[in-house]
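Going by the numbering used here, the sequence shown opens with residue 12, and the numbers climb by one from there.
All residues carry an ideal CB built from backbone N, CA and C; glycine is no exception.
Bear in mind that the values here come from a model prediction, so they are computed numbers and not experimental data.
In what follows, a single structure is set out as structure tokens and then discussed.
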Amino acid sequence: MQYDFIAIGDTVTDAFIRLQQAEVHYTASKEDSEICMPFAEKIPYEDVWVVPAVGNAPNAANCAARLGLKTAMVSNIGADAQGKEALAAFKAEKVSTEFIKSHKGIKTNYHYVLWYEDDRTILIKHEKYPYVLPVIDTPRWIYFSSVNIDAFPFHIELAEHLETHPDIKFAFSPGKWEIKLGKEKLARLYARTDAFFCNKEEAEKILGMGDGSDIKELLKGIRALGPKIVIITDGPRGAYAHEGDTFWQMPIYPDPKPPYERTGAGDAFSSTFAVALALGLPVAEALRWGPVNSMSVVQYVGAREGLLTREKLEEFLNSAPADYQPKRI
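Here it is as structure tokens:
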């Protein structure tokens with residue numbers, strides 16, 4: 012089958028634990044802030060939600076399928092109850108599971124999300140799967156994000172496939188472990204990238220630049236690694252894009268109410284942007300699409316429930332404020 016969109020990356024089950032008794036010790040850097048709870052105590056929690064078939068790449072696959080693209084997922088899961096739940100969830104989302112490998116004796120990735128107020132801290136563990144790229148032929152787009160650091164050199168195998176199939180468009184959204192591997196090890200992937208996504212803090216880490224770096228310098232720095240289009244998100248300040256000689260800034264879509272839970276907002280933006288490109292839309296219009304799905308996702312628990320169909324997304328675009336437009340900077 013010829014797919015419009017194939018997402019590649021680890022599949023996760025997220026268990027959201029809504030905390031009651033906690034406090035946050037804030038510092039100048041959000042990454043250095045700490046969530047604190049009583050030690051050696053029984054701590055009541057408000058509720059728990061279990062969401063299968065998520066993770067950076069699965070979020071993109073679910074997004075693309077809801078927006079109408081013929082979509083498949085390349086991933087590894089365990090031959091366990093959580094793996095079966097993930098397969099059922101993908102099928103319900105109309106994401107093909109033909110390239111998902113189920114492994115006996117290895118667990119499905121299971122993460123615990125400590126949710127306090129409107130943000131979260133995630134306890135993660137990526138299982139060590141044997142990573143092999145299946146025969147995927149020539150999909151129109153491949154979206155790659157987040158596998159175990161021990162998967163390397165799977166990244167080289169993917170780069171070789173992309174290099175020998177120049178008609179495939181490639182979207183790259185590096186996860187924690189891809190960033191830790193470093194830009195030198197992944198140089199072939201960066202060089203082959205059509206659309207690159209990260210947030211501002213991640214861009215600073217990739218380039219080895221300090222906190223508070225100029226956004227244009229970050230965009231130019233990432234583009235110098237090879238990507239044709241670079242998109243960097245910056246929380247409430249919106250998103251920035253760079254293509255050719257042009258730089259854009261895009262505001263966030265106005266939230267109908269305060270965010271409920273933020274998991275998946277970045278994936279919703281980047282995958283919606285990639286889908287817009289796959290549908291033939293220019294960068295300026297793709298910038299308008301991305302924040303709409305981010306706005307919707309943060310109104311729900313987890314990364315899947317709030318994802319929009321194309322019809323609903325276009326309704327939000329049609330009712331957007333007049334100033335909801337990308338600006339050249």
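- By the Cβ-count criterion, LYS268 is exposed, with fewer than 16 other Cβ atoms from all chains shown falling within 10 Å of its own Cβ.
- In this structure VAL143 does not touch ALA314 by the C-beta definition: roughly 26 Å separates them, more than the 8 Å allowed.
- For TYR311, the three-state secondary structure derived from DSSP is coil.
- In the three-state reduction of the DSSP assignment, ALA64 falls in the strand class.
- Runs of the beta strand (DSSP E) spanning 3 or more residues and lying entirely within the stretch 240-319 occur at 240-244, 250-254, 257-261, in chain order.
- Counting the other Cβ atoms within 10 Å of the Cβ of GLU104 gives 16 or more, which makes it buried.
- The residues HIS122, in chain order, have a CB closer than 7 Å to that of ILE135 in the same chain once the five nearest residues on each side in sequence are set aside.
- Annotated as proximal: SER107 and ALA83, with beta-carbon spacing under 8 Å.
- One thing to note: ALA297 has its Cβ within 8 Å of the Cβ of PHE284.
- Comparing alpha-carbon positions, the option among ILE19, ALA170, PHE327 lying closest to TYR264 turns out to be PHE327.
- Going by C-alpha positions, GLY301 is about 4 Å away from PHE280.
- With a 10 Å radius around the Cβ and a threshold of 16 neighbouring Cβ atoms, ILE167 comes out exposed.
- Where ARG321 is concerned, the enclosing alpha helix (DSSP H) starts and stops at 321-329.
- Between the stretch 153-170 and the stretch 124-134, the count of Cβ pairs shorter than 8 Å is below three; the stretches do not touch.
- By alpha-carbon distance to LYS102, the top candidate from ALA90, ARG77, TRP126, GLY89 is ARG77.
- In this structure PRO63 is in contact with THR24, their Cβ atoms being roughly 5 Å apart against a cut-off of 8 Å.
- If only complete runs of 3 or more residues are kept, the stretch 59-126 shows the beta strand (DSSP E) at 82-89, 106-114, in order along the chain.
- Positions of the beta strand (DSSP E) runs, each at least 3 residues long and wholly inside the stretch 132-193, are given as 152-155, 180-183 in order along the chain.
- Counting C-beta pairs with one atom in each stretch, the stretch 206-216 and the stretch 169-178 have fewer than three that are closer than 8 Å, which means they do not touch.
- Taking C-beta atoms under 8 Å as the contact rule, ILE240 and TYR251 fail to qualify, at a distance of about 11 Å.
- Secondary structure note for ALA214: its alpha helix (DSSP H) is the uninterrupted segment 211-218.
- With three or more CB-CB distances shorter than 8 Å, the stretch 12-31 counts as touching the stretch 108-122.
- Boundaries of the alpha helix (DSSP H) harbouring LEU229: 226-234, taken from the DSSP string.
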